[in-house]
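For reference, the structure is listed below as structure tokens.
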Amino acid sequence: MSDATVTRKEVRIGAAAWLRANLFNSWISTAVTLALAYIILRAGIAFVEWALINAVWTVPYGPTGIADTAVCQNTKGTGACWAIIADKYRLILFGRFPFAEQWRPAIVVLLFIGLFVMSTVRVAWQRGVQSPALQKVAIGGGAVIVLDNLFGFLMVVAHVGFGLDLAGPLAPIVAGLALLNTLGKFALVFSLLLLWPAVGVWIGTLAVIGMLMFGGVLGMVPVPVDYWGGLPITLILATFGLVFAFPLAILVALGRRSTGMPAVKTLCVVYVELIRGVPLISVLFMASVMFPLFMPQGINIDKLLRAQIAVILFAAAYLAEVVRGGLQALPKGQSEAADAMGLTYWQKTGFIILPQALRLVIPPLVNTFIGFFKDTSLVLIIGIFDLLTMGKVALSDPPWQSFSTEVYIALAFIYILFCYGMSRYSRGLERELNSARGR
Amino acid sequence: MNTSGPAIELDKVNKWFGALHVLRDVSLTVAQGEKVVVCGPSGSGKSTMIRCINRLETHQEGRIVVDGTELTDDLRSLDTIRREVGMVFQSFNLFPHLTILENCTLAPIWVRKMPKAEAEALAMSYLERVRIPEQAKKYPGQLSGGQQQRVAIARALCMRPKIMLFDEPTSALDPEMIKEVLDTMISLAESGMTMVCVTHEMGFARQVADRVVFMDRGEIVESGPPVRMFEAPETDRLKLFLSQILRGH
Chain E
0 MSDATVTRKE
10 VRIGAAAWLR
20 ANLFNSWIST
30 AVTLALAYII
40 LRAGIAFVEW
50 ALINAVWTVP
60 YGPTGIADTA
70 VCQNTKGTGA
80 CWAIIADKYR
90 LILFGRFPFA
100 EQWRPAIVVL
110 LFIGLFVMST
120 VRVAWQRGVQ
130 SPALQKVAIG
140 GGAVIVLDNL
150 FGFLMVVAHV
160 GFGLDLAGPL
170 APIVAGLALL
180 NTLGKFALVF
190 SLLLLWPAVG
200 VWIGTLAVIG
210 MLMFGGVLGM
220 VPVPVDYWGG
230 LPITLILATF
240 GLVFAFPLAI
250 LVALGRRSTG
260 MPAVKTLCVV
270 YVELIRGVPL
280 ISVLFMASVM
290 FPLFMPQGIN
300 IDKLLRAQIA
310 VILFAAAYLA
320 EVVRGGLQAL
330 PKGQSEAADA
340 MGLTYWQKTG
350 FIILPQALRL
360 VIPPLVNTFI
370 GFFKDTSLVL
380 IIGIFDLLTM
390 GKVALSDPPW
400 QSFSTEVYIA
410 LAFIYILFCY
420 GMSRYSRGLE
430 RELNSARGR
Chain Y
0 MNTSGPAIEL
10 DKVNKWFGAL
20 HVLRDVSLTV
30 AQGEKVVVCG
40 PSGSGKSTMI
50 RCINRLETHQ
60 EGRIVVDGTE
70 LTDDLRSLDT
80 IRREVGMVFQ
90 SFNLFPHLTI
100 LENCTLAPIW
110 VRKMPKAEAE
120 ALAMSYLERV
130 RIPEQAKKYP
140 GQLSGGQQQR
150 VAIARALCMR
160 PKIMLFDEPT
170 SALDPEMIKE
180 VLDTMISLAE
190 SGMTMVCVTH
200 EMGFARQVAD
210 RVVFMDRGEI
220 VESGPPVRMF
230 EAPETDRLKL
240 FLSQILRGH
């Protein structure tokens, strides 16, 4: 705006001046303001009356423990029945997890939230001690874990494919590897905690989350996956989904842009187009119903794991295209300058290309993240009881059947908390990353 | 590597972009310590030629030998060349997400495997040489164009190259910033660096070039000492080019 326009208008400050300039500066704008204010007030008052003033917070319970929802039925339409939330919140949040053990999924939810909060603090991602010896410990720990799992997989293949039961004759090796695996896990987590604290905390916390959910250790009752449900399922699917899908997406995006390897490029294009071409529901359905048909007898991969893999593969295809957008937006000169300095492909990609490309696509990345957080609710189609499904289950209880509005408002509130958190974080991150760089 | 042979040797190099023949039998030998200025109208293939010298572009026919290493598809030869040859671009190509100091230390640390402290000391010494050590902690976006190009020169020098390539280093600069970059290049030339420079700065060519090479339509039309080239051009094409750029200035 030029100086002339500023001086021509009277410069005013204060709430009254703002109102006048923005809401009442002409008769049309005044009329629109008044009409909208009327609608908003009416709706707002009606909602407050329904949600707070006329709301029913508790209901009496009959001698058999069945809720007497007559009060709620009488106020239906004029007052909310929050008693259903008071009655069902543990079912909605934790599903069919054994009631006495529900402190475990409760801690899991808190651990997840703790991880998210920690991850938003940029200082937390700083590298820890620089020690080549510790790096070797971490790599060694990881290698033993992979080795043990590979060995277990080969044993299963031998058993299923060739009818060889090797568990007996190879028992010492199995036991030895299992011991090494346990030691390897401790070595990996503790060395990572020192080398790169945030990553160590993530892996350690996810391990604790696994222990809490599965049980069977430290005197906790084992709880089969079939009994898991509610918010932990949603958080597990979304967190593992995005944590694994994101690196996969980066590799796919890089592969799709590679010039030297046509086979890799074709594979990446086919993968992305295939996954994008079908609805998530069909991928989940494939994972749940079709996939077991293709597996040899005796191999049974858990349904939640199959859904998790489906979510990862689906999210990765979408994220890959977002990442590719960022890669394409970078000027070619950046890559050429890195080449001219003698950096290798992975050094160039890791230090120069990705940090800039990902920064460019923070808004669409977070958009996809938020979309997938909510899309995890589609697992209800294959009988996995996530948060939204548990809401539906809670509503199937006869006395409470007609109070779906209250349940869905409560569920929406939980989804909004997580999604708004992501959105706020991304805006803060963009500001932080761009402000320091003179843009 | 070799100490006596030429720094750069191009022998009948040919290159096509699709059907377009961009380099036609280009042969050029640059001695160690020699400063060569390449000029010519746009589209004459001069940028393509110097980009072939560090293999940002690949040639299809002929031989290019840099510091005794022939450029082939072999990755090891590529590594060697990229370490020995520094390049400065028209559009600076600094890394905007890294500080000036990080821009300068990245390659020494990761390609030369230099300890961080040593790489930083080296970077500071070159930043002092291009006279902007006080900007080390800033990001490229906070510097003027001339300062950015001087950083780009310092960044290339941090790899301690034997040869420096300049691809129109002043073309993207405002007129008042051209001099500071040229001064930096002149002082680099005085230090004995082998330089190949694509530029239209005739004053710079007169002052530092041992030889001026004039390219047009993908071939080297004429070459010789700057005074002879500018004052007694032999070919009509060079005469035309000189009259055009003199009119433009």
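Going down the list, the sequences are from chains E and Y. The letter at position 201 of the first sequence is residue 200 when you use numbering that gives the first Met the number 0, and the numbering goes up by one with no holes. The letter at position 138 of the second sequence is residue 137 when you use numbering that gives the first Met the number 0, and the numbering goes up by one with no holes. Idealized CB from N, CA, C, for every residue including glycine.
Can you pull the chain Y residues whose beta carbon is under 9 Å from the beta carbon of E335(E), in chain order?
R50, L55, M86, F88, N92
So, is the C-beta of A262(E) closer than 8 Å to a C-beta in chain Y?
no
Would the segment 199-217 of chain E count as touching the segment 60-76 of chain E if we require 3 or more Cβ pairs under 8 Å?
no
With a floor of 4 residues, list each alpha helix (DSSP H) that falls wholly inside the segment 296-355 of chain E, ordered by position along the chain.
302-328, 331-339
Taking the alpha carbon of D225(E) as the reference point, which residue from L303(E), T204(E), L364(E), L312(E) has its own alpha carbon closest?
Selected option, being the one with the closest Cα: L303(E).
To the nearest angstrom, report how far apart A356(E) and A237(E) are at their CA atoms.
23 Å
If you count every other CB in all the chains shown that lies within 10 Å of the CB of L377(E), and 16 or more means buried, which is it?
buried
Alpha carbon to alpha carbon, what distance is there between S334(E) and S1(E)?
Any answer about S1(E) is weak, because its pLDDT of 45 lies below 50 and its placement is not dependable; what the coordinates show is given next. If I take the Cα positions, the gap works out to 40 Å.
Figure out for me which residue from E127(Y), Q134(Y), W109(Y) has the closest Cα to the Cα of G341(E).
W109(Y)
Measuring CA to CA, which of E179(Y), T198(Y), H58(Y), A118(Y) is closest to R11(Y)?
Just to set this straight, residue 11(Y) is Lys in the shown sequence, not Arg. When each option's Cα is compared against that of K11(Y), the closest is H58(Y).
Show which residues of chain Y have a CB atom less than 8 Å away from the CB atom of P354(E).
H96, listed in chain order.
Count the other C-beta atoms from every protein chain shown that fall within 10 angstroms of the C-beta of T6(E), then say buried if there are 16 or more, exposed otherwise.
Interpretation of T6(E) is limited by its pLDDT of 46, a score under 50 that renders its predicted location unreliable; no figure is taken from the coordinates.
Within the continuous beta strand (DSSP E) that includes W15(Y), where are the two ends?
7-16
Pick helix, strand or coil for G240(E), following the three-state DSSP scheme.
helix
So, does the segment 398-412 of chain E touch the segment 422-430 of chain E, judging by three or more C-beta pairs under 8 Å?
no
Note down the Cα distance separating A411(E) from C418(E), rounded to an integer number of angstroms.
10 Å
To the nearest angstrom, report how far apart A105(E) and T29(E) are at their CA atoms.
51 Å
Does DSSP put V173(E) in a helix, in a strand, or in coil?
The three-state reading of DSSP puts V173(E) in helix, counting H, G and I together.
Can you tell me the Cα-Cα spacing of V251(Y) and A206(E), whole angstroms?
Shown here, chain Y extends from 0 to 248; a query on residue 251(Y) therefore has no answer.
Taking only three categories from DSSP, how would you classify V5(E)?
Its pLDDT being 47, under 50, V5(E) is placed unreliably in this model, and the coordinates cannot settle the point.
For S257(E), which residues in the same chain have their Cβ closer than 7 Å to its Cβ, ignoring the five residues on either side in sequence?
If we look at S257(E) and ignore the five residues flanking it on each side, its Cβ neighbours are V263, K264.
Helix or strand or just coil, what does DSSP make of I383(E)?
Secondary structure of I383(E) (DSSP, three-state): coil.
Closer than 7 Å by beta-carbon distance: list the chain E residues that pair up with V110(Y), in chain order.
M340, G341, L342
Below 8 Å on the Cβ atoms is my guess for I311(E) versus L247(E); work out the distance and round it to an integer in Å.
7 Å
I need the boundaries of the alpha helix (DSSP H) containing I369(E), first residue and last residue.
Membership of I369(E) in the alpha helix (DSSP H) is indicated by the continuous run 361-374.
Just how far apart, CA to CA, sit C103(Y) and L194(E)?
Between C103(Y) and L194(E), the C-alpha separation is close to 26 Å.
Can you give me the start and stop residues for the beta strand (DSSP E) that H20(Y) sits inside?
19-29
Below 9 Å between beta carbons is the criterion; list the residues of the segment 159-185 of chain E that meet it against any residue of chain Y, in chain order.
none
Helix or strand or just coil, what does DSSP make of Y138(Y)?
coil
Per DSSP, which one or two residues make a beta bridge with M163(Y)?
G85(Y), M194(Y), per the DSSP bridge assignment.
Taking all protein chains shown into account, decide if A231(Y) is buried (16 or more other Cβ within 10 angstroms of its Cβ) or exposed.
exposed
Note down, one range per segment and in chain order, each alpha helix (DSSP H) of at least 4 residues found wholly within the segment 242-276 of chain E.
261-275
Apart from the five residues just before and just after S90(Y), which ones in its own chain have a Cβ nearer than 8 Å to its Cβ?
A171
Is it right to say Y60(E) is buried, meaning 16 or more other beta carbons lie within 10 angstroms of its own, or is it exposed?
Flag for Y60(E) reads exposed.
Quick one: Cα of H158(E) to Cα of F152(E), how far?
10 Å
Could you check the C-alpha separation between R210(Y) and T28(Y) for me, to the nearest Å?
Roughly 11 Å between the two C-alpha positions.
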